[in-house]
Structure formats: structure tokens, C-alpha cells
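2 protein chains.
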Amino acid sequence: MPELRHDPIQRRWVIISSERGRRPLDFHANGEADSEATRKSCPFCPGREHLTPKTIQSFDDGDGNWRVRVVANRFPALRIEGELDRKAAGQFDRMNGVGAHEVIIETPDHDKGLVDLPVDHIAQVLTAYKARINDLRKDTRLRYILVFKNAGASAGASLSHAHTQVMATPITPRTVAVELASAKEHYQVKERCLFCDILAQELETGTRVVKVDDDFITHCPYASRFPFEMHIHPRSHAHDFAGSDDGLLRRLAFHLKEVLRRMNTALGNPGYNFLIHTCPATEGRVHRSNYWSTLALDWHWHIEILPRITNVAGFEWGTGFYINPTPPEEAARFLREVDL
Amino acid sequence: MPELRHDPIQRRWVIISSERGRRPLDFHANGEADSEATRKSCPFCPGREHLTPKTIQSFDDGDGNWRVRVVANRFPALRIEGELDRKAAGQFDRMNGVGAHEVIIETPDHDKGLVDLPVDHIAQVLTAYKARINDLRKDTRLRYILVFKNAGASAGASLSHAHTQVMATPITPRTVAVELASAKEHYQVKERCLFCDILAQELETGTRVVKVDDDFITHCPYASRFPFEMHIHPRSHAHDFAGSDDGLLRRLAFHLKEVLRRMNTALGNPGYNFLIHTCPATEGRVHRSNYWSTLALDWHWHIEILPRITNVAGFEWGTGFYINPTPPEEAARFLREVDL
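Sequence lines, in order, name chains A and B. Under the numbering used here, residues 1 to 340 are what the first sequence spells out, in order. Under the numbering used here, residues 1001 to 1340 are what the second sequence spells out, in order.
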């Protein structure tokens, strides 16, 4: 019998339809290698720095060469210039597209994915995320700094060279706004963090846990929208990813690498999206409207990993209604039991 | 300069990023023809009726052959058997997957799309939608009847033979629930329909209108999430698609055919999703909870057509934040000016 499950954070129902029975092998997707021409014109490779907009920030390898490099997006969806201009258009509302859109090139090596890098190098990528979030937050026009990664063509990447995007927006994205509201209501009633409560239940149940260590837990959420969806949470309550110290980021790098390796082995290197949900940029900043200066200490930052292995887009987009053919308990078991 | 636009119905912001400049030709997608083997095993073709579950309802061509045929989905995401069972799972909530999942085979002809059928035949397909909605509404366990069409592999169709799906769910899908709430709040303040107000503005502005006749208007919404997204509304206020009479459905068939032809010509026969947003199944029915027996007379039914020409899934799924590279004014102009 299929089952409907409610996501208490996103406040939506998901159909878990196990009878459609999809196991990891059904999803195996091996990405094609780049052609020689694509490799020879890759703007993210060393020696072709002139093909990207100028470097915003750079982290070097100790020998004077860059190891992680941040540049502006050449085709930005939002622009950093100008004052934020809100106005009505008849009964509609608009604002101009002020924001920022950056690219973090994760490695000089064209052929390595994030998962292939040594733990120290991954930690440096995470440090770059933190640095960009903290830097962009100084701009008071911006409400949210979104760090996300599209890995592979199926996940929407237009270049295969490993990179992450940072988008700073004058609004908080809808899913984050819903999560913030859920966390706040839960805290107001119970004086406990909604995420901490869920993690405690997940640890007790165990069936949806993929990996747990002293600092982090990765699990497949109870109402997962997608097969093999994974969320990583810090076990100690913390509302801000960008408040993590170097030691924690290094331990996150270790944890993340293992979790991505499990996904790649189980699913044959699928394309995936990776998103950091952290507190809004307005945190602790007094904004023009008091509403926005509300603290989000009841919030718990996390990372979402969404393998892009199913193609059921339009229906879900049109309805907000998800059908997931792989129960998260089965997905977690496959991911736990994989041979690394 | 890119622009952020607010959707007053879905209550979300969309980035209209015209500088990424995508015109119809950038999206041209010509579907591949089926192989002979696929054609020879198609379960929706006449003579292979034994390959589908039994016929639920059938509309004939006047000569004793079926022209439109309704069957149960062979791999249903929800099942019609059993009582609805709601329960808690720790702090989570679940219910069993009671519902219905049907398929409407639109034509016996393997090679024709909905758009290729004569207007009278399209009207018969729309009549089948209406009949299924009205029939399934009698089941008091069900809250919503969702009619949707995935056309083409890029839109999630697993069979190319023209068909529509009907899913009856024990909950109202999230996007419909948000729309219902927006319409109700607007009505409570203004005693006018939110959708009627928007349509009046669209007719006055004109720039986003694709086609208008005495009964229907098709426009590209102000805060379109996707390039060339189109919505069809009846011009006279009506909350229930399934309350439409035969004359209106025939005029809708005529309107729909032209709008789909414009899309196909402009974009080279893209895959697309098609969704009917009508009032909940509980309309006018006294349910166990009074909340659900509230009438939705302030609601305005409509059809959404979403061409599947961009692949930016994961990011949007993870954030609820859409980036649309084609301003709806440009999309509407292309669709209006296309030579038919």
C-alpha cells in the first residue's frame, strides 16, 4: 500500500509509492566524459583565468597557485549594482534584480569532482562558502545568501568543471521561509528546536540514518520528495553554517566526502544538487523593518543533497505534490550497506 | 537589469532574467519518433485493450469503436481500496495511500497528439475529464481530483501514445491550497475574485495575452516561472471546471487547440505538462470537519500549460525560487505572432 507522509518542516504531503519499486540499479546513471574540445575551452581551468570575470577571492595551495577561486558569474541572474527599488505594477509587485551571483571553482583539476578531493581540500571549499556568506552579508540590501551546487548536466550544470554557485537575494527563498516559520512556531510552543526533535527521533529509530559521527548526522528524511534524498545536520544545535569554526568544517568535509561516496557508489555517479540552508543574512542586523531583524536562533542549519535520478518535473512543479518511488528507509539501508 | 516579480496567487517571487536572453529558437526540441518495437507493444492502441486494466468509462465514435477510453493506471501511485487511516509515527504524521489513479487514452491513433485531433474530438476528451472528476467526487474519502497530462519524455511521460492522468487524493495539493487561500483572503477584503481582477488587468495591458475570445483568455502570467508558461482562464467567473456545459467545453477545445498549435510552432513541439486547477472535491459536500465544507465560490478554475524546455530542476526544488530567462511579455509576443 502506498503511503502519504507529512513533512513537518516544509508542511507538505509526499506520496511514498514503494510498489513502483525502484532500487539503486534502476537509477544508475554514468555521466559522459567531456570531449577534448570542451576540455580545451573550459574557462575554469588554470591558465584560462582571463575567460572569467575577475577573481573576487582566492585560496591558494601554499605554492602560490590557486586551489579554490571565487569569480562573478558571467551570466548573473542578479546584479550587484544599484539601489533596491520596490514598486507596484498595477496590482502586481516588483523589485529590480539587485543581488549577487558568484561561482566558486572548487579545484584547478578539470577531472575531479568535489567528492574526489582530499578532505583538507574539501574543507577549503567549505571555508570559501563561509567566507562568501560572511562577506555578502555585509551588504544590507540582501536578505539571503544561498550556496548551491548543480553537479552534472542532469542537475542543471552547464560546465562540468567542479563548481558551486552563490546567489545573494533581496528576499528569502520560499522553502527557507517556510522552514523558518515552522521552526519558530514549534519553538514558541515547546521551547525546543524542531530540527533537534526530529534528529533525536531519527537517531532512536535508526532506519533512516545513513551516517552518524560525533558532530554530524546524515539521514533520508521521513517525507523525502526524491529517491535517495539526504540531509546533513550538525548534531549540536546551531543556526548559522557560516558561524562554524575551522575544526567543525574539517569534520564536515570528512563526513560529506563519505556520504557523497556512498551516493556515487550506490547510484553510479548521478548528477545531484546540493544546497545549504542557513539562517537569513539579516540575522542580528537591524533592518528597516523590525520584522526582518528577528533572530533565527530557533533555526538549525543543514545541507540537502538531492540526486537527480528521476524526471517527473512538471507535475510536481504544477502541484507541489511529490511522488517518491523509493521509501527513505530502503534508500538509507542501501546507502549504509554500500561497500566503499 | 533582471527583475524580481511577485506572484500574488502563489505568493512567491520569481527572477525574470531577460539578459540571459532565451528566444524560442534556443529551445527548439523535436521529439524522436517511436521505434517499430515500441509501436507494436503500445498498450494504449486498439486491439491491445487486454494489456491495460479494465475499462472504467469509454466514449465511442458513433460506429461502436472507442474514441476516448478511461482505465486504471497499471502502476497506481494511490489505491482505491480501503478506509482512510490517519495516524502518527512518533512526531510525524502519515495516512495510507487511498485515492485513485486513472489514465484517459485520448485517441486510438498512436501517432496523434491532443493538438492534432479535431475540435470535436478534443471536446470529447474534455468531457471525459469532467465525467471522471464528477464521478470520483462521489467518494467522500477524496479531497481533490487532479487532471494532468505529461506529454513527451521530457515532461515525464513513459508512453508516447496521447493520454492524460487523473489522480484523486485524500489531500488538496499544496499549490492549489495556496491559491485557494490567496483567493479567499482577497475576496474577504474586496468582495471580488482575485483571478477576475488579474484577468481584467491583463486584458487592459495586453502585452502578456496570447489569445482571447468571447469565453476564454490565455496569457503568460506576470510572474511566470518557466519560459512560455501559459494559463487559460474562463472569462466569466466560475469555480468549477466540471460544472462547464457541453457548449463551453467545445469552445474550450477550440481555444486550447489553437494555443497548443502556437506553442508547438514557436517551440518546435516541446514536451509539456498540462494541469487543470479546479475547486476541491469537497465543494458543496459536508465533510467530517466543517473547515472542509467551506465553499470555494471565490475560486476561479484554470488550466496551466508548462512547456518542458529548460532543465533547472534541483535548484528550484530545493529553494522554491525560480529563474525564468524569457520575460512573459516576450513569450506572449512570440506566441501571438507565430504563423499558423
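Every residue, glycine too, gets a C-beta built ideally from N, C-alpha and C. The structure displayed is predicted, hence computed values, not measured ones.
Rounded distance between the beta-carbons of residue j and residue i, thought under 8 angstroms
i, j, result
"A:Ile133", "A:Ala296", "Not confirmed; about 14 angstroms, so no contact."
"A:Arg261", "A:Leu146", "Going by Cβ atoms, the distance from A:Arg261 to A:Leu146 rounds to 25 angstroms, so no, they are not a contact pair."
"A:Glu316", "A:Tyr322", "5 angstroms"
"A:Thr52", "A:Pro43", "5 angstroms"
"A:Gly308", "A:Ala200", "Here residue 308 of chain A turns out to be Arg, not Gly, going by the sequence shown. In fact, because the Cβ distance is near 30 angstroms, the residues do not count as touching under 8 angstroms."
"B:Pro1170", "B:Met1095", "6 angstroms"
"B:Asn1065", "B:Arg1225", "In fact, because the Cβ distance is near 41 angstroms, the residues do not count as touching under 8 angstroms."
"A:Thr326", "A:Trp301", "Not really, about 26 angstroms apart at Cβ, beyond 8 angstroms."
Reduced DSSP secondary structure (H/G/I, E/B, other) of residue i
i, result
"A:Leu275", "strand"
"B:Trp1299", "coil"
"B:Phe1216", "strand"
"B:Leu1146", "strand"
"A:Tyr129", "helix"
"B:Ile1198", "helix"
"B:Thr1326", "coil"
"A:Gly243", "helix"
"B:Thr1205", "helix"
"B:Arg1333", "helix"
"B:Arg1122", "It should be pointed out that residue 1122 of chain B corresponds to Ile in this sequence rather than to Arg. It is helical."
"B:Ser1289", "Any answer about B:Ser1289 is weak, because its pLDDT of 47 lies below 50 and its placement is not dependable; what the coordinates show is given next. Three-state DSSP puts B:Ser1289 in coil, outside helix and strand."
"A:Phe59", "strand"
"A:Val68", "strand"
"A:Ile9", "coil"
"A:Arg94", "strand"
"A:Val338", "coil"
"B:Thr1310", "coil"
"B:Ala1151", "strand"
"B:Lys1087", "strand"
"A:Leu3", "First, the residue type needs correcting, since residue 3 of chain A is Glu and not Leu in the sequence shown. Three-state result, A:Glu3: strand."
"B:Ala1177", "helix"
"A:Glu49", "helix"
"A:Phe321", "coil"
"A:Arg251", "helix"
Beta carbon of residue i nearer than 9 angstroms to that of residue j
i, j, result
"B:Asn1150", "B:Asn1273", "yes"
"A:Gly113", "A:Ala33", "no"
"A:Leu126", "A:Leu249", "yes"
"A:Phe195", "A:Ile9", "yes"
"A:His6", "A:Ala223", "yes"
"B:Arg1192", "B:Ala1281", "no"
"B:Ala1123", "B:Asp1246", "yes"
"A:Pro227", "A:Gly152", "no"
"A:Thr319", "B:Val1176", "yes"
"A:Thr265", "A:Val338", "yes"
"A:Val68", "A:Phe59", "yes"
"A:Leu275", "A:Glu229", "no"
"B:Leu1335", "B:Cys1220", "yes"
"B:Tyr1360", "B:Asp1061", "Only positions 1001 to 1340 of chain B appear in this structure, which leaves residue 1360 of chain B out of reach."
"B:Gln1165", "B:Val1259", "no"
"A:Thr205", "B:Gly1090", "yes"
Residue-level contact to chain C via CB, residue i, 9 angstroms cutoff
i, result
"A:Val338", "No chain C is present in this structure, whose protein chains are A and B."
Residue i CB to nearest heavy atom of the ligand MG below 8 angstroms
i, result
"A:Asn96", "With respect to small molecules bound, the structure shown includes none, and the ligand MG cannot be examined in it."
Quick one: which residues of the segment 1162 to 1174 of chain B get their C-beta closer than 9 angstroms to a C-beta of chain A? List them in chain order.
Gln1165, Met1167, Thr1169, Pro1170, Ile1171, Pro1173, Arg1174
Closer than 8 angstroms is the cut-off here; do at least three beta carbon pairs connect the segment 1118 to 1137 of chain B with the segment 1177 to 1187 of chain B?
no
Going along the chain, which residues of the segment 1209 to 1235 of chain B sit with their C-beta nearer than 9 angstroms to a C-beta in chain A?
Tyr1222, Ala1223, Arg1225, Phe1226
Does the contact criterion of 3 or more C-beta pairs under 8 angstroms hold for the segment 66 to 85 of chain A versus the segment 99 to 116 of chain A?
yes
Touch test, the segment 1136 to 1145 of chain B against the segment 1192 to 1210 of chain B, Cβ-Cβ under 8 angstroms, three pairs minimum:
no
Interfacial residues, the segment 1252 to 1275 of chain B to chain A, with Cβ spacing under 9 angstroms
Gly1271, Tyr1272, Asn1273, Phe1274, Leu1275
Inter-stretch contact at 8 angstroms, needing at least 3 Cβ pairs: the segment 1104 to 1121 of chain B / the segment 1248 to 1257 of chain B:
yes
Within the chosen definition, does the segment 231 to 249 of chain A reach the segment 102 to 113 of chain A through at least 3 CB pairs nearer than 8 angstroms?
no
If the cut-off is 7 angstroms on Cβ atoms, which residues from the segment 55 to 67 of chain A count as contacting chain B, listed in chain order?
none
Output needed in chain order: residues of the segment 1007 to 1019 of chain B with a Cβ under 7 angstroms from some Cβ in chain A.
Pro1008, Arg1012, Trp1013, Ile1015, Ser1017
Using a Cβ cut-off of 7 angstroms, which residues of the segment 133 to 155 of chain A contact any Cβ in chain B, in chain order?
Leu146, Phe148, Asn150, Ala155
Under 7 angstroms (Cβ pairs) to chain B, residues found in the segment 84 to 107 of chain A
Gly90, Gln91, Phe92, Asp93, Arg94, Met95, Asn96, Gly97
Residues of the segment 183 to 201 of chain A in Cβ contact with chain B at a cutoff of 8 angstroms, in chain order, please.
Asp197, Ile198, Gln201
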